[in-house]
Amino acid sequence: MTTANKITLIRIAMIPFFIYCAMQGTASFQIAALILFCVASFTDFLDGYVARKYNQVTDFGKFVDPLADKLLVTAALLIFIEKGMFAAWMVFIILAREFIITSLRIVAANKGRVLAAAWTGKVKTCVQIGGIIVDFLLLIAADGALKLTESGLPLPEIVAWVVTLVTLYSGWDYLRKNWDLIRDGAVKPKD
4 MTTANKITLI
14 RIAMIPFFIY
24 CAMQGTASFQ
34 IAALILFCVA
44 SFTDFLDGYV
54 ARKYNQVTDF
64 GKFVDPLADK
74 LLVTAALLIF
84 IEKGMFAAWM
94 VFIILAREFI
104 ITSLRIVAAN
114 KGRVLAAAWT
124 GKVKTCVQIG
134 GIIVDFLLLI
144 AADGALKLTE
154 SGLPLPEIVA
164 WVVTLVTLYS
174 GWDYLRKNWD
184 LIRDGAVKPK
194 D
């Protein structure tokens with residue numbers, strides 16, 4: 004097994020510890036969860052860097068790396084539903100985007116085409132990770148309902164909306180650019 008794949012597997016192994024710490028009610032556990040999340044997120048960059056630099060790109064890595072990312076982000080978002088920081092419908096939209104793009108990648112692969120990561124997908128990932136970090140910082144703060152504006156809109160709600168809208172836009176962008184892959188059967192053929 005390559006070093007890059009080992010790093011990815013370490014990220015997956017960190018997820019149960021992250022979930023356990025995040026579900027505890029004390030600030031010290033929330034700090035531990037935040038540290039675990041940040042380290043796990045960094046390993047996403049690290050395993051990709053190692054794989055490319057040392058020519059360790061494998062089919063196993065191509066499968067497990069995005070899976071590890073999705074498991075980590077999904078765990079965090081489900082925790083935030085539990086804590087009332089994300090609406091369930093928002094998390095559904097975020098997860099639906101992931102399922103749709105994964106399915107699109109499978110169709111592309113079956114047609115001999117590789118869907119490279121678009122800039123909107125990279126922005127989406129950064130926004131999701133940043134939003135999760137902000138929400139954990141809010142949990143660590145004495146008052147998780149910190150206000151950002153005079154109108155009283157809570158910061159967790161703003162974070163949830165930004166993450167959801169950026170994710171939705173990213174999914175739309177992928178579909179728009181690759182609609183030709185799935186157009187057959189989606190529109191009525193002309194006679």
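If you read the sequence shown in this note's numbering, its first letter stands for residue 4, the second for the next number, and so on. Idealized CB from N, CA, C, for every residue including glycine.
Where the alpha helix (DSSP H) containing residue i begins and where it ends
i: Leu-74; result: 62-85
i: Ala-91; result: 91-113
i: Ala-119; result: Element bounds for Ala-119: n/a, residue is neither H nor E.
i: Ile-161; result: 158-180
i: Arg-14; result: 6-25
i: Ala-35; result: 30-56
Burial state of residue i, where buried means 16 or more other Cβ atoms lie within 10 Å
i: Gly-87; result: exposed
i: Ala-148; result: With a pLDDT of 48 at Ala-148, under the threshold of 50, the modelled position of this residue cannot be trusted, and the question is left open.
i: Met-4; result: exposed
Whole-angstrom C-beta distance between residue j and residue i, which should lie under 8 Å
i: Ala-71; j: Arg-14; result: 5 Å
i: Thr-123; j: Asp-176; result: 4 Å
i: Asn-1; j: Phe-63; result: Residue 1 lies beyond the range of the chain shown here (4 to 194); nothing can be said about it.
i: Leu-184; j: Lys-114; result: 6 Å
Whether residue i touches residue j by CB criterion (8 Å)
i: Ile-84; j: Ala-25; result: no
i: Ile-96; j: Thr-46; result: no
i: Thr-6; j: Asp-68; result: no
i: Ala-90; j: Ala-163; result: yes
i: Asp-138; j: Pro-159; result: yes
i: Ile-18; j: Leu-74; result: yes
i: Asn-181; j: Leu-118; result: yes
i: Val-130; j: Val-165; result: yes
Any C-beta of chain C under 8 Å from that of residue i
i: Leu-171; result: Here there is only one protein chain, and chain C is not present.
> For the 8 Å Cβ check, are there 3 or more pairs between the region 124-139 and the region 106-114?
Replying inline: Inter-segment contact for the region 124-139 and the region 106-114 is absent: fewer than three beta-carbon pairs are separated by less than 8 Å.
> Can at least three beta-carbon pairs, one atom from the region 93-105 and one from the region 24-39, be found at a separation below 8 Å?
Replying inline: Touching, no.
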